[in-house]
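Just below is one structure, and these are the notes that go with it.
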Ligand SMILES: [Zn+2]
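Residue numbers (my numbering): 1 to 163.
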């Protein structure tokens, strides 16, 4: 416990005040206790969405989705990414070059291999993935997401596809 506490303190100290505030779940419009999240999510979903885990590459059924529609947050159903910005990255994770406006937020994610940019739903704080600078035009960004954090809702007819 002591070591865990120390590490948490270190990580917090490297974040800007704004980023630190973003980590505080109280700042999100939709908040749930850990046990409430556990009740509504599978173990994998909880690990990815609430503990910033990563699903195994090439496991998401959303990788192959090419239909028109919107990718929503599994935690609160907010629409996050339009299908027009999805592209084939070859990484094995659903990848997008741009989110909808005011849908996601980012924070620095310090790790063993340098600081990456973490991306999460700005309504419920659920972790989605990371943003990299090697994406296609027009943004040059690659939002590398976990399919388990998402639900695809097709435009027009069709059943939602749960990632
Ligand atoms: Zn959400």
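C-beta atoms are modelled at their ideal positions from N, C-alpha and C, and glycine is treated no differently.
Sheet register partners of residue i (DSSP bridge)
i           : result
residue 81  : 71
residue 150 : 73
residue 162 : 151
residue 95  : 87 and 144
Minimum C-alpha distance to residue i - residue among the options
i           : options               : result
residue 118 : 137, 142, 102 and 100 : 142
residue 78  : 122, 136, 27 and 127  : 122
residue 64  : 86, 139 and 27        : 86
residue 108 : 129, 88 and 91        : 129
residue 146 : 46, 32, 39 and 36     : 46
residue 83  : 73, 69 and 89         : 69
residue 49  : 120, 159 and 137      : 120
residue 91  : 76, 60 and 67         : 60
residue 57  : 33, 148 and 100       : 148
residue 31  : 98, 125, 42 and 138   : 125
residue 40  : 127, 75, 29 and 81    : 75
residue 94  : 116, 135, 101 and 114 : 135
residue 89  : 140, 113, 154 and 80  : 140
Unbroken alpha helix (DSSP H) run spanning residue i, endpoints
i          : result
residue 44 : 43-51
residue 34 : 34-40
Extent of the continuous beta strand (DSSP E) to which residue i belongs
i           : result
residue 118 : 114-121
residue 107 : 104-111
residue 144 : 142-145
residue 128 : 127-132
Exercise. In chain order, what residues place their C-beta within less than 6 Å of a heavy atom belonging to ligand 1?
Worked result: 73, 75, 76, 78, 121, 123, 124 and 126
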